[in-house]
Structures are given as C-alpha cells and as structure tokens.
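Asker: Encoded as structure tokens, here's the structure I'll be asking about.
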Amino acid sequence: MTGNKEQAALPQPAAQQVGYAVIGLGKLTLEELLPAFAVGRASRLAAVVSGNLTEAREAALAYGLSADDAYSYDDFEKLGERDDVHAVYIVLPNSLHREYTERAAKIGKHVLCEKPLATSVEDAEAMVKACKDAGVLLMTAYRCQYTPHHWAAREAVQSGRLGQVKLLHSVNVQIEPNEGQWRLKRKLAGGGSLPDVGLYCVNTVRFLLGEEPCEVSGTVHSTPGDERFTEVEESVTWQMRFPSGVVAQCACSYGAATARTIDVFGTGGRLAIDPAFDYQNLRLTVQTGQEVTEVRVPPEDQFRLETDHFSRCIQEGRAPYTPGEEGLQDQKIMEAIYRSAREGGRPVTLERFEGRDVFRGPAPERS
Ligand code: NDP
C-alpha cells in the first residue's frame, strides 16, 4: 500500500511551493520541463526568461502565468524583485551556464543548472564559488540520479547482489543533425559528444559505484571531411579505473543511431539498463545464474523528481544530492579524458578520493 500512497502524494499548496524562473525556452524546456512543473509537488513555474518575448509570453500564458511573468535576458535582474521566484533553472547552451549562475547568485536566487555544469573546470569552479559566496544552493540537473530505475540498479550493484563488481560498459550514441545547432559550435558547447551525451556514462557509472575514478584514458575520433565535426568531436571512447579495481569502458558518438546502455558485470551476475538514459521506458534487468529478472518500478517523471528534490532542499536548507561539486567533478574527468586523447591515449591520473559519494549530498527522497 505504501507504493500506492506515494503515487497519490498531493502537491504542496502553491504558496508553499518553490517558485522557479526557467531560463531559455528551447527543446528541453518546452517538451519536458514546463510539463514537469505542471505536475510538481514542491515546485511551480513562476516566470520564464527568453530571447524571444513573444514566445515567452505565449509559454507563460499556456502554463497559467501572466504575460508579465515573461522576461528578456536583459531584464533578468528584475527577477531579484520577485519574492515568489526562489530559484532559476538554467536551460541554455552550455557556455552560458556560468554567466547566468553568477547573475542569479548576485540577485539571491538558488540555481538549478542543466548538464554539463559548464564548459571548463575553471567555469565550474567559479559557479560553485559564486553560489557559496552568495549563500544560495547550486544543483547540477542530473536527472538520472533521481530515477527509480537508476536507484534500483545502484542498490543491486552496492548490495552485493551481483557479487563483486568487476566491469562496467556504457554507451550513449545518437546522430546529431547538421542544423546550425549550438551543439556543433565549440564556443557554445565546449566540446562535442563527450560533454553532451558521454557525460551520462561518466556520471551514471560514478553514481552506480559511488566511487571516484583514479585514472582515465581515452581517444577521440571524427570522420574526416564530415563538416559537422570541424569544431567539436564526433566520437570518444574511454576507460575509467576505480580504486576498488573496477574498470569502466565507455563510448559516445554523434555519428551512430541512438543507443543508450549500461551493463554491469560482477562475480555473481550482471545487470543491464537498456535504454539507460531516455526520459521514459527505462528497462532494468538483473541476471544471477540462469535467472533473469526485469526490475519493475513505477514510472515517474524524471524532471519532476529532480526539481522537487531541489525544492525540498531549498525549503529545508540542505545540500542537494547532486550539488555543483558533483558537476565540477565530471568536468575534471572529461578534461582528463580529452587530455589523454591529445597525448596519444596515455593514462591520466586523477586525484584519489576515499569514501563513497564524496561529492553528493544526503540521499534524495523517492517521491
Ligand atoms: P535548445 O537549443 O533546444 O535550447 C536552448 C535555448 O537557449 C534556445 O532555445 C534559446 O532560448 C536559448 N539561447 C540563448 N542563447 C542562445 C544561443 N546563443 N544559441 C542558442 N540558443 C540560445 O537546447 P536544449 O534545450 O536541448 O539544451 C539546453 C541545455 O539543456 C543544454 O545545456 C543541454 O545540455 C541541456 N539538456 C539536458 C538534457 C537532460 O536530459 N538533462 C536533455 C537536453 C538538453 P530562447 O529562444 O528562449 O532565448
């Protein structure tokens, strides 16, 4: 019965919910985030910020706000006068994440920032510092660390159900069209498939193990003559070694038909999540001996879970599970992978961390 009760949990009264200004009305915002706010339990949409005010007003009205709740980027600081806007959700091209995090911190707003946190370690560090100095929370929007499937997989890995884990394998590939997209421009994206889709492999492997890699090596490849890849890379393959001896082998690409998978291999069994990074219909199977079980968990809106978690952290004054430091660590790992690739694939040593979940806050609630 508990499960049903959780499913039926009521939203908080609107006046108690955390109000968000969503910055950037692109594909993710329009297709996923605004609908997720509509079913938020601790979160509600309070304002939208866009380069296109006409579209922003339309979006505001469509989601129950008034036309006055739509702002231009130039008017961003006016959000500081809004007591009902507690946080911003930054959903802009990657290289703009730092600027808007710093501007939000300056006007005293908490920051939920899309992945990758930034386009360099330096920017990510500056974002963490800006929020700390301003006394506001910063969370990296890693939805896969809030989904029931990924938590069930993490429990299978960490409970010993698979025996001693030895190897992981993760792939995230898709075909990126050549449509003048910011994703193919280095200045806006910071890199190619690695920070966009490969990051899911880096981050989810770390989440499942709870450990930090101590060494990485990688190679980068772009098809010669393919004009999509004059500024950013097409494909990256890399390896991450962990202090426990676990090895993860990963690959990402902008040049292959969609596949998003994670496989974990242990002395007593294996698990697979396939698809592993989609918004819906994730599928987790665990095999021990001859027995193959599909782990069924109730479907949840991943963006609602993630946003409601941040809202509860704001309401209760606690650190988010995936704070800025968690995004910063991935930035360091990605820079090390690129460095290895530039240096002929030689292994690059990373700072060693003892203990588990060293960059994460307290575990999130599950509803
Ligand atoms: P889109 O290109 O669809 O949208 C980005 C929006 O940013 C634009 O629509 C525009 O909104 C605004 N913008 C401001 N300046 C620029 C500029 N110079 N060039 C282009 N757009 C600009 O991107 P996505 O929505 O797919 O991605 C946004 C962010 O979300 C990225 O950081 C991405 O990595 C992340 N993301 C995360 C996902 C997840 O599952 N967590 C999935 C997809 C993306 P406007 O017209 O309102 O100004």
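Sequential numbering from 1359 applies to the sequence shown in our numbering.
Just so you know, even glycine gets a beta-carbon here, dropped at the ideal spot from N, CA and C.
Because the structure is a prediction, the values reported are computed rather than measured.
Can you list, in chain order, the residues of its chain with a C-beta nearer than 7 Å to that of F1711? Leave out the 5 residues immediately preceding and following it.
Answerer: E1570.
Asker: So L1470 packs on A1499, CB below 8 Å; how close in whole Å?
Answerer: Confirmed, Cβ separation roughly 6 Å.
Asker: Determine the burial state of R1718: buried for a count of at least 16 other Cβ atoms within 10 Å of its Cβ, exposed for fewer.
Answerer: Counting Cβ neighbours within 10 Å, R1718 comes out buried, since at least 16 surround it.
Asker: Does the beta-carbon of K1473, which I'm using as the reference point, lie nearer than 7 Å to any heavy atom of the ligand NDP?
Answerer: Result yes, Cβ under 7 Å from the ligand NDP.
Asker: Excluding sequence positions up to five away, which residues of its chain have a Cβ less than 6 Å from the Cβ of D1481?
Answerer: Contacts found: R1456.
Asker: Please state if the CB of V1604 and the CB of V1706 are separated by a distance shorter than 8 Å.
Answerer: No. Outside cutoff.
Asker: Mind checking which residues open and close the beta strand (DSSP E) that includes A1630?
Answerer: Element bounds for A1630: 1627-1631.
Asker: Rounded to the nearest angstrom, how far is the Cβ of F1587 from that of A1445, given a contact under 8 Å?
Answerer: No, F1587 and A1445 are not in contact; Cβ-Cβ is about 36 Å, not under 8 Å.
Asker: Does the beta carbon of G1549 fall short of 7 Å from some heavy atom of the ligand NDP?
Answerer: No, Cβ of G1549 sits at least 7 Å from all heavy atoms of the ligand NDP.
Asker: Output the distance between the C-alpha atoms of A1630 and C1559, rounded to the nearest integer angstrom.
Answerer: Cα to Cα, A1630 sits roughly 13 Å from C1559.
Asker: By the DSSP assignment, the alpha helix (DSSP H) with A1492 in it spans what residues?
Answerer: Looking at the DSSP string, the run of the alpha helix (DSSP H) that includes A1492 is 1479-1492.
Asker: So, I1672 versus V1486, is the Cβ gap smaller than 8 Å?
Answerer: Contact flag unset, no.
Asker: Report buried or exposed for R1662, applying the criterion of at least 16 other Cβ atoms within 10 angstroms of its Cβ.
Answerer: By the neighbour-count rule (16 or more Cβ atoms within 10 Å), R1662 is buried.
Asker: Give the secondary structure of A1606 by DSSP, where H, G and I count as helix, E and B as strand, and everything else as coil.
Answerer: In this structure, A1606 counts as strand in the three-state DSSP scheme.
Asker: Do P1474 and G1624 have their CB atoms nearer than 8 Å?
Answerer: For P1474 and G1624, no; Cβs fall outside 8 Å.
Asker: Around the Cβ of L1525, are there at least 16 other Cβ atoms within 10 angstroms (buried) or fewer (exposed)?
Answerer: It is exposed - the Cβ of L1525 has fewer than 16 other Cβ atoms within 10 Å.
Asker: Report the residue from A1484, L1567, V1563, L1450 whose alpha carbon sits nearest the alpha carbon of G1518.
Answerer: Nearest option by C-alpha distance: L1567.
Asker: Using 7 Å as the cut-off, classify the Cβ of K1545 as near or not near the heavy atoms of the ligand NDP, replying yes or no.
Answerer: Outside the cutoff, so no.
Asker: Under DSSP, the alpha helix (DSSP H) around E1416 begins and ends at which residues?
Answerer: Element bounds for E1416: 1411-1420.
Asker: Give the DSSP-derived three-state secondary structure of A1476 in the structure shown.
Answerer: It is coil, neither helix nor strand.
Asker: If you draw a straight line from the alpha carbon of T1505 to that of A1484, how long is it in whole angstroms?
Answerer: Whole-angstrom Cα-Cα distance: 29 Å.
Asker: How many Å lie between M1359 and V1397 at the Cα?
Answerer: The pLDDT assigned to M1359 is 31, lower than 50, so where the model puts this residue is not dependable, and the model offers no usable value.
Asker: Would you list the residues sitting across from R1402 in a DSSP beta bridge?
Answerer: Answer is G1377.
Asker: For P1371 and G1627, I'd like the C-alpha separation in whole angstroms.
Answerer: Taking the straight line joining both Cα atoms gives about 46 Å.
Asker: Looking at the strands, I want to know which residues DSSP matches up with V1650.
Answerer: Note: V1650 sits in a beta bridge opposite Q1645.
Asker: What are the start and end residues of each continuous alpha helix (DSSP H) run of 4 or more residues lying completely inside the segment 1432-1481, in chain order?
Answerer: For the segment 1432-1481, whole alpha helix (DSSP H) runs of length 4 or above, ordered along the chain, are 1455-1464.
Asker: Indicate whether G1703 and G1576 have their beta-carbon atoms separated by less than 8 Å.
Answerer: Yes, the Cβ-Cβ distance between G1703 and G1576 is below 8 Å.
Asker: Which residues share a DSSP beta bridge with Y1429?
Answerer: Its beta-bridge partners are V1407.
Asker: If distances are taken between C-alpha atoms only, which option among G1675, R1544, H1507, N1530 comes closest to S1611?
Answerer: The residue with the shortest Cα to Cα distance from S1611 is N1530.
Asker: Please indicate yes or no: does the CB of K1385 lie closer than 7 Å to some heavy atom of the ligand NDP?
Answerer: Yes; taking the cut-off as 7 Å, the Cβ of K1385 has a heavy atom of the ligand NDP nearer than that.
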